[in-house]
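Working notes, beginning with the structure itself.
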Amino acid sequence: MSGADRERWDQRYAGLGVAPQGIEPLPVFEHCEDLFPTSGTALEIACGRGRGAVWLASRGMTVLASDVSPVAIELAEEHATASDVADRCEFAVWDLDDGLPPSEPVDLVLCHLFREADVDQAMIDRLVPGGLLAIACLSEVGHGPGSFRAKPGELTTAFAALDMLDAGEADGHAWFVGRR
Ligand SMILES: C[S@@+](CC[C@H](N)C(=O)[O-])C[C@H]1O[C@@H](n2cnc3c(N)ncnc32)[C@H](O)[C@@H]1O
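In the numbering used here, the protein residues as written are 2 to 181.
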């Protein structure tokens, strides 16, 4: 990512501040929350202010979460501390242009509101056998074309190697949950 793009994200997060107190499932996955593990390890990419990581840690997982924005990572650390789950969260500044941040294979890979097809295979490869991939992004379905929006059927095609447990696309959003 260019320095200018990173700066734009930093500025946006500086304006937002720490995520609101309270731990809630990411709304797009709330209906299938029971599919998500309550122990083991997770990797979240493009984690922003850490909403997803804190939710997973509050369920009992140990989470490595990364984002290209240092400001977002600072806010994510504050959110984890305020939510009493800092001991189960590690946050790292990482540019996905360089692939995934290094880690051992994990029980869950989470990617929420970010779409970069170049890391699709790496996300699959990072899962332990039986591990879960959960991804949600903007979609052209119910919205129309736009940058960063998945095309109809894009996620189910990209992750066809996984056993699909839940997926959908509507109202400008797409999601996929699958097991390796
Ligand atoms: C729409 S936000 C979603 C943040 C978070 N997942 C959430 O749901 O609140 C997209 C995130 O992707 C991050 N991002 C964009 N390009 C990136 C890159 N090349 N590497 C790592 N993170 C990136 C941005 O900093 C931003 O936090």
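Note that CB positions come from ideal geometry on N, CA and C, so glycine has one too.
Quick caveat: nothing in here was measured; it's all calculated off a predicted structure.
3 or more residues per run - each beta strand (DSSP E) lying fully within the stretch 86-150: 90-94, 107-113, 128-139
Just the C-alpha distance for CYS33 and ASP99, rounded to the nearest angstrom, thanks. 31 angstroms
Once the 5 residues before and after MET124 are set aside, which same chain residues still bring their CB inside 8 angstroms of it? ILE46, LEU101, VAL110, CYS112, LEU134, ILE136
Report the three-state DSSP secondary structure of PHE160 (helix, strand or coil). coil
Here's the rule: buried if 16 or more other CB atoms are within 10 angstroms of the residue's CB, otherwise exposed. What is GLU31? exposed
Cβ-heavy atom distance between GLY100 and ligand 1 below 7 angstroms? no
Proximity of LEU17 and LEU166 at Cβ, strictly below 8 angstroms: no
DSSP state of PHE177 mapped onto helix, strand, coil: Residue state, collapsed to three classes: strand.
Taking only the alpha-carbon atoms, compute the straight-line gap between SER59 and GLN22 and give it to the nearest angstrom. Straight across, the Cα-Cα distance linking SER59 with GLN22 is about 13 angstroms.
Quick one: what's got a C-beta closer than 6 angstroms to LYS152's C-beta in the same chain, skipping five residues either side? For LYS152, where only same-chain residues beyond five positions count, the Cβ hits under 6 angstroms are GLU141.
LEU76 versus LEU97: straight-line alpha-carbon distance, rounded: 19 angstroms
Extent of the continuous alpha helix (DSSP H) run through GLU8: Taken as a continuous stretch (DSSP letters only), the alpha helix (DSSP H) holding GLU8 covers 4-17.
Who are SER67's beta bridge partners in DSSP? Beta-bridge pairing links SER67 to ALA93.
Could you round the C-beta distance between ILE24 and VAL55 to whole angstroms and report it? I think they count as a contact, below 8 angstroms. 6 angstroms
Can you tell me which of THR157, GLY173, GLY132, ALA159 puts its alpha carbon nearest to the alpha carbon of GLY147? GLY173
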